[in-house]
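Worksheet for the structure shown next.
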Amino acid sequence: MKDVVQGELIHLTEMRDGDAEWLQDTQWEAGLLRNLAADAFHPWTAADYSELAADPDNNERFFFMIRANADDGLLGWVVLDDVYFKNRRATLGIALPVVSDRGQGFGEDALNTILSFAFNELGLHKVTLEVNANNLSAIHAYEAVGFVREGVNREGVFQDGRWLDLYSYGILDREWQSAQVLD
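Each step along the sequence shown adds one to the number in our numbering, with nothing skipped, and position 104 is 507.
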């Protein structure tokens, strides 16, 4: 049986000693903080990151660290948040803070791994996310694993003195399963 938190390039783990400090330090990587949330104006402390992952019995949030299979090196984090079991849906968030770790397939593999967990282990039906219209690399990764743009919050984000659209994406369990058969 396949390990549900093991991908081709990455594996998902708990937060370990030093991870929260690493996240605090790497939040300053180019383009990261402003793409984590539509209204992110304040930096996070190590304590904030620790709190995000703190309650392993919380069934409304599943927070994982992303590590490289090759060397167990820390790459980032992924979270299923606002998990609603009655309606079988959740909201996804992901970050690969270090610029040199992006564009190597780690993000797509992490997305497929967390979607496998969401659909095959939690029994969810749908996973959603929001992304700034100018975050083209993230949009590419989301669409590559099967996310579908479902809506546009026109001029929903203000950056660099101009308004940007905020895209809503979603993927259904059957859509993701079908994409896995094709691979």
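Yeah, the Cβ is synthetic: ideal placement off N, Cα and C, and Gly gets one too.
As the structure is a prediction and not an experimental result, all values here were calculated from the model.
Could you check where the alpha helix (DSSP H) with residue i kicks off and where it finishes?
i, result
"T516", "F509 to S519"
Which residues in the same chain have their Cβ closer than 7 Å to the Cβ of residue i, if we skip the five residues on either side of it in sequence?
i, result
"A423", "A449, Y452 and S453"
"E553", "S571, Y572 and G573"
"M404", "Summary for M404: the model assigns pLDDT 36, below 50, so the residue's position carries little reliability, and this model does not support an answer."
"G526", "R491"
Quick one: give me the first and last residue of the beta strand (DSSP E) that residue i is part of.
i, result
"A547", "Not the beta strand (DSSP E): A547 falls in the alpha helix (DSSP H), residues L539 to A547."
"V530", "K529 to N535"
"R492", "R492 to A498"
"V501", "That residue, V501, is in no beta strand (DSSP E); it is neither H nor E in DSSP."
"G479", "L477 to Y487"
According to DSSP, which residues form a beta bridge with residue i?
i, result
"G554", "S571"
"Q562", "R565"
"A582", "Beta-bridge pairing links A582 to no other residue."
"A471", "I413"
Which same chain residues end up closer than 6 Å to residue i when comparing Cβ atoms and leaving out the 5 residues on each side of it in sequence?
i, result
"P500", "T429, E432, L435 and G479"
"F520", "V407"
"V560", "A441, N535, L567 and L569"
"E411", "D512"
"W425", "L477"
"H625", "Outside the shown range of the chain (404 to 586) lies residue 625, about which nothing can therefore be said."
In chain order, what residues of the same chain lie with their CB nearer than 8 Å to the CB of residue i, ignoring the 5 residues before and after it?
i, result
"A582", "V548 and G549"
"E558", "W566, L567 and D568"
Measuring only from the beta carbon, is residue i closer than 7 Å to any heavy atom that is part of the ligand FAD?
i, result
"G479", "No copy of the ligand FAD appears in this structure; indeed no ligand is present at all."
Could you tell me which uninterrupted alpha helix (DSSP H) segments, each at least 4 residues in length, are contained entirely in the stretch 404-467, listed from first to last along the chain?
422-429, 436-439 and 449-455
Contact between the stretch 482-500 and the stretch 458-465 is defined here as three or more beta-carbon pairs at a separation below 8 Å; is this criterion met?
yes
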